[in-house]
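Enquirer: Numbering (UniProt numbering), first residue to last: 1 to 98.
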Amino acid sequence: MTFSADNSGWDARLAEVVAFVESCGRLPGVNRLSSQHERRLARWVYVQRQHARRELISPSRRRSLDRALPAWIGSGGSAPATRVRRPLPNPQDEPPGI
Numbered sequence: 001m002t003f004s005a006d007n008s009g010w011d012a013r014l015a016e017v018v019a020f021v022e023s024c025g026r027l028p029g030v031n032r033l034s035s036q037h038e039r040r041l042a043r044w045v046y047v048q049r050q051h052a053r054r055e056l057i058s059p060s061r062r063r064s065l066d067r068a069l070p071a072w073i074g075s076g077g078s079a080p081a082t083r084v085r086r087p088l089p090n091p092q093d094e095p096p097g098i
């Protein structure tokens with residue numbers, strides 16, 4: 001994959017995501033209350049993660065993301081940050097008489 005020598009569009013989108021994080025205190029996400037703008041930013045971050053996993057992102061773009069958005073890639077640098085889900089209780093595991 002080749003990268004455009006003109007990074008102005010990419011840099012502008014990064015700046016939008018940084019502004020969103022500064023304003024909202026979190027990375028953009030997709031849920032039923034998300035605005036179209038937030039969804040577009042969330043999609044952009046998702047695509048950057050996919051490119052990083054497949055080693056399709058340029059080193060300079062990776063450094064820019066790492067500097068501007070330290071949590072963009074998630075924990076361990078290999079997966080996006082996700083909410084930890086606790087397993088549902090199994091009724092068979094409960095002690096008898098409860």
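Ideal placement from N, C-alpha and C gives every residue a C-beta, glycine not left out.
These numbers come from a predicted model, not from an experiment.
Ser8 to Ser58, Cα distance in whole Å?
Expert: Start at 1 with the first residue of the sequence shown, and residue 8 comes out as number 8. Start at 1 with the first residue of the sequence shown, and residue 58 comes out as number 58. In a straight line, the C-alpha of Ser8 is about 15 Å away from that of Ser58.
Enquirer: Please return the same chain residues whose Cβ sits closer than 7 Å to the Cβ of Ala52, not counting the five positions on each side in sequence.
Expert: If you number the sequence shown from 1, residue 52 lands on position 52. Once the five neighbours on either side are set aside, the close Cβ partners of Ala52 are Arg62, Ile73.
Enquirer: What runs of the alpha helix (DSSP H), each 4 residues or longer, lie entirely inside the UniProt domain "Helicase-associated" (10 to 66)?
Expert: 36 to 53
Enquirer: Which word fits Pro28, buried or exposed, when buried means at least 16 other C-beta atoms lie within 10 angstroms of its C-beta?
Expert: To locate residue 28, count along the sequence shown from 1; it is residue 28. Per the 10 Å Cβ criterion, buried.
Enquirer: Given a threshold of 16 other Cβ atoms within 10 Å of its Cβ, counted over all protein chains shown, does Leu65 qualify as buried or as exposed?
Expert: Taking the first residue of the sequence shown as position 1, residue 65 is located at position 65. Answer is buried; the Cβ neighbour count reaches 16.
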